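Each remark here refers to the structure printed beneath this line.
Residue numbers (the numbering used here): 185 to 487.
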């Protein structure tokens, strides 16, 4: 088993010199591994997280690879912080080649953000939706948008009109991951309609005890997950980052857009995740909740 995701993803020979990448949630877990892998391939990397010391450690590692690296802190439950992150990215580059929407969490208490939206759904869906749409004007002509979803999206539905209703925990997490897949599909459709070669794909990274996700779980579950870490039948953090790096860098997915991947291969998502009407409704509802004009609107809505 390799601890270098770019090797497992089959892209170790790819040259990303001169390319730029933003990886959200990259101070730990699969985001950190993906950021380091993209740096080893030559990309300049903007690291994001909430912990400044952890961010400094990742940027130090990247700078030792002789790549341009910087860290930006942003709390994804805060709309203004997400907008500030987008502004920092625009100051850093006019052509963002790779956007990895990886930051996320699971919040048990059903707490709501200032928008009146359950925190898990806000952090996992509305924040990357806002960040991506804020960065549309600085995405490179062949930019790739990669969003970390999960097979946890299976087994649930989603009504965009009720996302502000109370409720947290794992069910809210499942709905947020379904939203990730729907968002990606609708983003891909609208990007195609507006022309150009920018692509968007989502992925399932695997069940990863060492990813740091377990800190969001209730009761004794974090200890159980920690005990599983390193066992041969579970996915390591490096392995979990492989599909992220594959979608960000592999020539095998040139021009591929709107798909869902696992283990570096396309997979069929759930039935609700393939509901194009729901995807369009979620896109519009998300803009309404954020009080912004509908991104990539116009004729795309009638496609």
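Glycine is no exception: its CB is placed at the ideal position from the N, C-alpha and C atoms. Please read all numbers here as calculations on a predicted model, not as lab measurements.
DSSP three-state assignment for residue i, whether helix, strand or coil
{"i": "residue 337", "result": "helix"}
{"i": "residue 441", "result": "coil"}
{"i": "residue 214", "result": "helix"}
{"i": "residue 389", "result": "coil"}
{"i": "residue 450", "result": "strand"}
{"i": "residue 367", "result": "helix"}
{"i": "residue 281", "result": "strand"}
{"i": "residue 208", "result": "coil"}
{"i": "residue 230", "result": "strand"}
{"i": "residue 463", "result": "helix"}
{"i": "residue 426", "result": "helix"}
{"i": "residue 257", "result": "strand"}
{"i": "residue 401", "result": "Because the pLDDT of residue 401 is 46, which lies under 50, any placement of that residue in the model is unreliable, and the question is left without a value."}
{"i": "residue 270", "result": "helix"}
{"i": "residue 481", "result": "coil"}
{"i": "residue 196", "result": "coil"}
{"i": "residue 419", "result": "coil"}
From the options, residue whose alpha carbon lies closest to that of residue i
{"i": "residue 377", "options": "479, 217, 228, 344", "result": "479"}
{"i": "residue 379", "options": "327, 353, 345, 362", "result": "327"}
{"i": "residue 299", "options": "472, 428, 335", "result": "472"}
{"i": "residue 346", "options": "289, 360, 365", "result": "360"}
{"i": "residue 211", "options": "308, 458, 286", "result": "286"}
{"i": "residue 362", "options": "304, 322, 381, 375", "result": "304"}
{"i": "residue 332", "options": "293, 349, 288, 295", "result": "288"}
{"i": "residue 294", "options": "306, 271, 388", "result": "306"}
{"i": "residue 266", "options": "190, 439, 444, 209", "result": "209"}
{"i": "residue 430", "options": "354, 318, 386, 343", "result": "386"}
{"i": "residue 256", "options": "220, 225, 207", "result": "207"}
C-beta neighbour in chain D for residue i, strict 8 Å
{"i": "residue 478", "result": "Here there is only one protein chain, and chain D is not present."}
Buried versus exposed call for residue i [16 or more other C-beta atoms within 10 Å across all chains shown]
{"i": "residue 383", "result": "buried"}
{"i": "residue 261", "result": "buried"}
{"i": "residue 308", "result": "buried"}
{"i": "residue 450", "result": "exposed"}
{"i": "residue 325", "result": "exposed"}
{"i": "residue 435", "result": "exposed"}
{"i": "residue 341", "result": "exposed"}
{"i": "residue 460", "result": "exposed"}
{"i": "residue 223", "result": "buried"}
{"i": "residue 475", "result": "exposed"}
{"i": "residue 490", "result": "Since the displayed the chain opens at 185 and closes at 487, residue 490 lies outside it and no answer follows."}
{"i": "residue 281", "result": "buried"}
{"i": "residue 349", "result": "exposed"}
{"i": "residue 370", "result": "buried"}
At least three beta-carbon pairs within less than 8 Å, the segment 233 to 245 to the segment 187 to 201: no
Segments assigned alpha helix (DSSP H), at least 4 residues, entirely inside the segment 288 to 364: 311 to 318
The segment 332 to 341 in contact with the segment 442 to 460 per 3-pair CB rule at 8 Å: yes
Any 3 or more C-beta pairs closer than 8 Å across the segment 234 to 250 and the segment 459 to 468: no
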